[in-house]
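Only one structure is covered here, and it is reproduced in the block below.
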Amino acid sequence: MLLIDELGYLPIDKTGADLLFQVISQRYEQGSIIITTNRVFQDWPAIFNNDSTLTSALLDRLLHHTEAVVIEGASYRMRKEKTE
Numbered sequence: 001m002l003l004i005d006e007l008g009y010l011p012i013d014k015t016g017a018d019l020l021f022q023v024i025s026q027r028y029e030q031g032s033i034i035i036t037t038n039r040v041f042q043d044w045p046a047i048f049n050n051d052s053t054l055t056s057a058l059l060d061r062l063l064h065h066t067e068a069v070v071i072e073g074a075s076y077r078m079r080k081e082k083t084e
């Protein structure tokens, strides 16, 4: 299982985006991949150096055979801070 937490917290440069694409491509249909992010799919090109071609190919592999879990609402951490 490959777990990537907080994808998009910081932008990924071209080299990093290419390397991540290679990792995802190697894992595609070989094992589980879990990714957490607070970015909607439409915002993903900004994560990957505005490379829409790479982003499209990456999402194509990630979303094939996918169960996307979308959690909406206030952040749990932010909610806790408001009560203190």
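Taking UniProt numbering, I'd label the letters of the sequence shown as residues 1 to 84.
Glycine included, C-beta positions come from ideal geometry on N, C-alpha and C.
Counting only runs that start and end inside the UniProt domain "IstB-like ATP-binding" (1-82), the beta strand (DSSP E) elements of at least 3 residues fall at 2-4, 33-35. Inter-residue distance for Ile35 and Arg79 is about 23 Å (C-alpha atoms, whole angstroms). The straight-line gap separating the alpha-carbon atoms of Ser75 and Thr37 is approximately 13 Å. Contact between Gly8 and Arg39 is confirmed by a C-beta separation of about 4 Å, below the 8 Å threshold.
Residue burial is scored here from C-beta neighbours: Phe48 has at least 16 other C-beta atoms within 10 angstroms and is therefore classed as buried. By the Cβ-count criterion, Thr55 is buried, with 16 or more other Cβ atoms from all chains shown falling within 10 Å of its own Cβ. Short of 7 Å from the beta carbon of His65, and not among the five residues preceding or following it, lies no beta carbon of its own chain.
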